[in-house]
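Trainee: In the numbering used here, the protein residues as written are 182 to 274.
Backbone N, C-alpha and C define an ideal beta-carbon position, used for all residues, glycine too.
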Ligand SMILES: [Zn+2]
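(1) Hey, residue 255 and residue 225 are a contact pair by Cβ (cut 8 Å); roughly how many whole angstroms apart?
(2) Please state the DSSP three-state secondary structure of residue 187.
(3) What residue ranges within the region 188 to 218 form continuous beta strand (DSSP E) runs of no fewer than 3 residues, ordered along the chain?
(4) In whole angstroms, what is the alpha-carbon distance linking residue 271 and residue 230?
(5) Closer than 7 Å to a non-hydrogen atom of ligand 1 - does that hold for the CB of residue 266?
(6) Closer than 7 Å by C-beta to residue 196: which residues in its own chain qualify, once you throw out the five before and the five after it? Chain order, please.
(7) Measure the C-alpha to C-alpha separation of residue 267 and residue 249 and round it to an integer number of angstroms.
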């Protein structure tokens, strides 16, 4: 019997033509879902897709965006949020 990891659907399967002319089943790791904005759900730029282990191998600057709420909000949502926060602060004074 084959190993358990090849029996489950945790790996992506792909039929590939091999040099001998036959077909072989190759197993690949599934791609992780992209990082999205917490407010609008748009895909975030500058953040790679990868398993936690692959992400850990990158440096921190490669994993995130060096900005307030970088890696959490998209630039347009951040702009709206900062304007909102500033207005609330001005209203308190
Ligand atoms: Zn957004």
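Mentor: With the structure as the only source:
(1) 6 Å
(2) helix
(3) The region 188 to 218 contains these whole beta strand (DSSP E) runs: 192 to 198 and 204 to 210.
(4) 39 Å
(5) no
(6) Excluding positions up to five away in sequence, the list reads 204 and 206.
(7) A straight line joining the alpha-carbon of residue 267 with that of residue 249 spans about 14 Å.
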